[in-house]
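Inspection log for the structure reproduced underneath, given as structure tokens.
So this is what it looks like as structure tokens:
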């Protein structure tokens, strides 16, 4: 009963990562960072050559743009500059994770898609067929979940690969637990 | 931003394992074996010294005994022999996984508890505080789930550690998909 481990192929872990929703917090969300740290510490460990991390950031086209604006009036030029700013923010987010992977010595890929995060993540699972999907979660209670929805619950049900949800630890929760 | 991996401590993975419900099939359920194989191939890989597997088998006190009997009449002695037989079956199940771990070279522990599997698994997570819980799943549709309940769904919601559900692959499903 010899166990066969596919020698050549690495374990490919897809991670859905998001920006922080906390104002003035320019980086990865608390739960995305938590999920990344957990994956490195508990799964990858020092066996860096056996794993490849795939970072997917999904931008929501409408919501993202107006969050920080005082007015909803906008010219086509405003939209264009918003879109560029969004794109820059998304790239900055991915850069954070890619840089950390380089420091640790684990190979990675990263890309941005637009759409509904839960739908896009499940679609990308179908397309890239990772061995495992890791998503962070705010760990909200049932009452809060009704209003904000949770990407992780949807992915656990619908993604076509094993899914692991890493809950944000209680001591890292911001003042408003819906923020991240 | 140096990544700290706790040098001394291994990643402890708790696996809930069950016997096959298929008649004349004396061993581990298809989904338990699938979850074990996946964990070794995709997570542990050749880094065997960095992981410890903890096998928990939960026996349901009432249901187990009568499955293979032609009659429901039983004396106290019958009950005793049933209980012994159950215990032997449970040990045999754990022996299967322990033997495979020894062959692979990954350290492990195994134990049996009585009770409702989903409740006991979550209780044991609280007690032994593993880094990760892995449970197999038959991958039933919503209609079948209503009648059989699923341990994995309960654990994803209630276990106090990250949980990974490994669905049985479609080509391994027995004639009756509720069997395992």
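Chains as they are written, first to last, in the numbering used here: chain A, 212 to 391; chain B, 212 to 391. Even glycine gets a Cβ: it sits at the ideal position worked out from N, Cα and C.
Which of helix, strand or coil DSSP assigns to residue i
i                      : result
residue 351 of chain A : coil
residue 280 of chain B : No answer about residue 280 of chain B holds up, because its pLDDT of 44 lies below 50 and its placement is not dependable.
residue 275 of chain B : Caution is warranted here: a pLDDT of 47 is assigned to residue 275 of chain B, below 50, making its placement in the model unreliable, and the coordinate value is therefore given only provisionally. Correct three-state label for residue 275 of chain B: helix.
residue 318 of chain B : strand
residue 257 of chain A : coil
residue 248 of chain B : helix
residue 390 of chain B : coil
residue 288 of chain A : helix
Per DSSP, cross-strand counterpart(s) of residue i
i                      : result
residue 227 of chain A : A:267, A:346
residue 239 of chain B : B:230
residue 262 of chain B : B:222
residue 325 of chain A : A:270
Interface residues of chain A facing residue i [CB-CB closer than 8 Å]
i                      : result
residue 225 of chain B : In chain order: nothing, as chain A lies at least about 13 Å away.
Under 9 Å from the C-beta of residue i: neighbouring residues of chain A
i                      : result
residue 222 of chain B : 252, 253, 254, 256
Any non-hydrogen atom of the ligand GTP closer than 7 Å to residue i Cβ
i                      : result
residue 253 of chain A : The ligand GTP is absent from the structure shown, which contains no ligands of any kind.
Exercise for review: Using a Cβ-Cβ cut-off of less than 8 Å, give me the residues of the segment 249 to 264 of chain A that come near chain B, in sequence order.
Suggested key: 249, 251, 252, 253, 254, 256, 257, 258, 261
Review point. If contact means a Cβ-Cβ distance below 8 Å, which residues of the segment 360 to 378 of chain B contact chain A?
Key: 367, 373, 374, 375, 376, 377, 378
Review point. Which of the residues in the segment 335 to 350 of chain A, read from start to end, lie with their CB under 8 Å from any CB of chain B?
Key: 342, 343
Point to revise | Unbroken stretches of the beta strand (DSSP E), 3 residues or longer, contained in the segment 354 to 388 of chain B | key: 374 to 378
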